[in-house]
Amino acid sequence: MIEVFPGIRWLKSPINMEQSDLEYINTYLVEDKKGFLMVDSGWNTDESFGMLHNKLIKSGHSFQSIKQIVITHIHPDHYGMAGRIKELSGATLAMHDIEKDYIDPRYVHMEQLLHQTDRMLVANGVPEDEMEALRDATLGLENYIVPTPPDRILHNGDIITAGIFKFRVIWTPGHSSGHICLYEPDKKVLLCGDHILPKITPNISVNPQSIENPLGRYLQSLEEIKKLDIDITLPGHDEPFHHLKMRINEIIHHHQMRNQEILDRIAVNAWSAYSIAKEITWGSNGGSWDALPAFHKRMAIFETLAHLEMMAAESRVFKQGKKGVIQYKQK
Ligand SMILES: [Zn+2]
Ligand SMILES: [Zn+2]
187 MIEVFPGIRW LKSPINMEQS DLEYINTYLV EDKKGFLMVD SGWNTDESFG MLHNKLIKSG
247 HSFQSIKQIV ITHIHPDHYG MAGRIKELSG ATLAMHDIEK DYIDPRYVHM EQLLHQTDRM
307 LVANGVPEDE MEALRDATLG LENYIVPTPP DRILHNGDII TAGIFKFRVI WTPGHSSGHI
367 CLYEPDKKVL LCGDHILPKI TPNISVNPQS IENPLGRYLQ SLEEIKKLDI DITLPGHDEP
427 FHHLKMRINE IIHHHQMRNQ EILDRIAVNA WSAYSIAKEI TWGSNGGSWD ALPAFHKRMA
487 IFETLAHLEM MAAESRVFKQ GKKGVIQYKQ K
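Written out as structure tokens, the structure reads:
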């Protein structure tokens, strides 16, 4: 465990996904005489569990040394093992109000969500023969989650106390509807989950569990964070960093460029999100849509949709239905 800030320890937990651009998920332990505050948990795999167990033992602790668990959002890498740790430690589990309602439909009773995803893909132009693979692309992830309801439900502005730290909960919708960051104004520390990552642009999607206009809300949340006085940012992936405002500006710029790239495609004719997504260069595919794994294709379509919905909300594009498919055109 690395002490990344006096009183905060940093652990890297392995990512259990072949197709991930990320190497590891960060877990933070904040010191408190009564027991650690743990922020984000890692996947529920034997590898992640064993690693955490060893690191706790090596530093003279055990699972019982954890008293509070806060998760920034319920994606498997952040939430997966939280229930298992809670069970062993007796710690309280806290998450944002919106996020708690997504646990059951996402990881326990998934039929409805699959159906909604299916309809959303088809409505946005995915051909029937490709739909199934895209719809089912995240099936199996539920095996790496211990679905556990929170003991404490968080809202924007709530305070989480651990030792000498008083973290303010900041609701930052976008990457996930109930995503939160933890901000310590006196220490000028931000724990930001997947809201801002130093190397990759967090995925912002329209999907059945997204808030209205997620990209618009996300960019607003970035502006909110930009106003804060922050020295060190502790992200959910990659290394802690100091150039937060610069990084936020880069992410905003990326989204502006992508908006333009999309607008260029739909300047003359109306296109579906699927047909636009196929034409865009997505970092990892070297230019070929067919080479993308189904999971990435789905993310690309839903990300494109997030851009289109934001520009529709801003009256930069208009929407029309054609044979059951939604198409967008520049105004
Ligand atoms: Zn995430
Ligand atoms: Zn993540």
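Under the numbering used here, the letters of the sequence shown match residues 187 to 517, in that order.
Even glycine gets a Cβ: it sits at the ideal position worked out from N, Cα and C.
Check whether residue i and residue j have beta carbons under 8 Å apart
i: Gln568; j: Ala280; result: No information on residue 568 is available, as it lies outside the stretch 187 to 517 that the chain covers here.
i: Asn212; j: Tyr330; result: no
i: Arg270; j: Asn230; result: yes
i: Tyr210; j: Trp196; result: no
i: Met317; j: Leu327; result: no
i: Gly349; j: Glu189; result: no
i: Asp226; j: Thr258; result: yes
i: Ser234; j: Met187; result: no
i: His168; j: Asp380; result: Coverage of the chain is limited to positions 187 through 517, which leaves residue 168 absent and any answer about it impossible.
i: Ile346; j: Val256; result: yes
i: Gly266; j: Gly236; result: no
Cβ-heavy atom distance, residue i to ligand 2, below 7 Å
i: Ile211; result: yes
i: Asp263; result: yes
i: Asp207; result: no
i: His381; result: no
i: His423; result: yes
Distance cut-off 7 Å: residue i Cβ against heavy atoms of ligand 1
i: His361; result: yes
i: His282; result: no
i: His259; result: yes
Same chain, Cβ closer than 7 Å to residue i, neighbours up to 5 away in sequence not counted
i: Ser396; result: Ser363
i: Lys198; result: Tyr210, Asn212
i: Ile252; result: Gly221, Phe222, Met224, Ile271, Ser275, Ala277
i: Asp304; result: Met317, Arg321
Spatial neighbours of residue i in its chain, beta-carbon cut-off 6 Å, leaving aside the 5 residues before and after
i: Asp337; result: Thr278, Leu279
i: Leu368; result: Phe353, Leu377
i: Ser391; result: Phe488, Glu489, Ala492
i: Asn393; result: Phe488
i: Ala486; result: Ala463, Trp468
Alpha-carbon spacing of residue i relative to residue j, whole angstroms
i: Ser458; j: Lys509; result: 11 Å
i: Gln298; j: Pro291; result: 7 Å
i: Val312; j: Tyr460; result: 6 Å
i: Asn455; j: Ala319; result: 28 Å
i: Ser407; j: Ile366; result: 10 Å
i: Leu420; j: Ile194; result: 10 Å
i: Ile275; j: Pro333; result: Here residue 275 is Ser; the residue named in the question, Ile, does not match the sequence. Cα to Cα, Ser275 sits roughly 16 Å from Pro333.
i: Thr467; j: Ser474; result: 8 Å
i: His295; j: Tyr288; result: 10 Å
i: Val355; j: Pro262; result: 21 Å
i: His282; j: Pro192; result: 27 Å
i: Glu425; j: Pro384; result: 7 Å
i: His247; j: Asp207; result: 32 Å
i: Ala477; j: Glu465; result: 13 Å
Enclosing beta strand (DSSP E) for residue i [first to last residue]
i: Phe353; result: 351–357
i: Glu189; result: 188–191
i: Thr213; result: 210–216
i: Arg195; result: 194–200
i: Pro262; result: Careful: Pro262 lies outside any beta strand (DSSP E), inside the alpha helix (DSSP H) at 262–265.
i: Ile397; result: Element bounds for Ile397: n/a, residue is neither H nor E.
i: Ala456; result: Looking at the DSSP string, Ala456 is not in any beta strand (DSSP E), and its letter there is neither H nor E.
i: Gln520; result: Shown here, the chain extends from 187 to 517; a query on residue 520 therefore has no answer.
i: Ile466; result: Here Ile466 belongs to no beta strand (DSSP E), and DSSP marks it neither H nor E.
Boundaries (first-last residue) of the alpha helix (DSSP H) holding residue i
i: Ser407; result: 400–412
i: Phe488; result: 480–499
i: Ala268; result: 268–275
i: Thr303; result: 297–309
i: Glu318; result: 314–321
Cβ shell of residue i (< 8 Å), same chain only, five flanking positions each side left out
i: Ile416; result: Tyr369, Lys374, Val375, Leu376, Leu430
i: Val503; result: Leu449, Ile452, Leu494, Met497, Tyr514, Lys515, Gln516, Lys517
i: Ile359; result: A small correction: the amino acid at residue 359 is Pro; Ile does not occupy that position in the sequence shown. Answer for Pro359: Ile284, His365, Ile397, Pro400, Arg403, Tyr404, Ser407, listed in chain order.
i: Leu382; result: Per the sequence shown, residue 382 should be read as Ile rather than Leu. Only Pro388, Leu408, Ile411, Thr419, Pro421, Leu430, Arg433, Ile434, Ile437 meet the Cβ criterion.
i: Asp372; result: Lys352
is_contact[residue i, chain D] using C-beta, thresh 8 Å
i: Glu398; result: Although the question refers to chain D, the structure presented lacks it and comprises just one protein chain.
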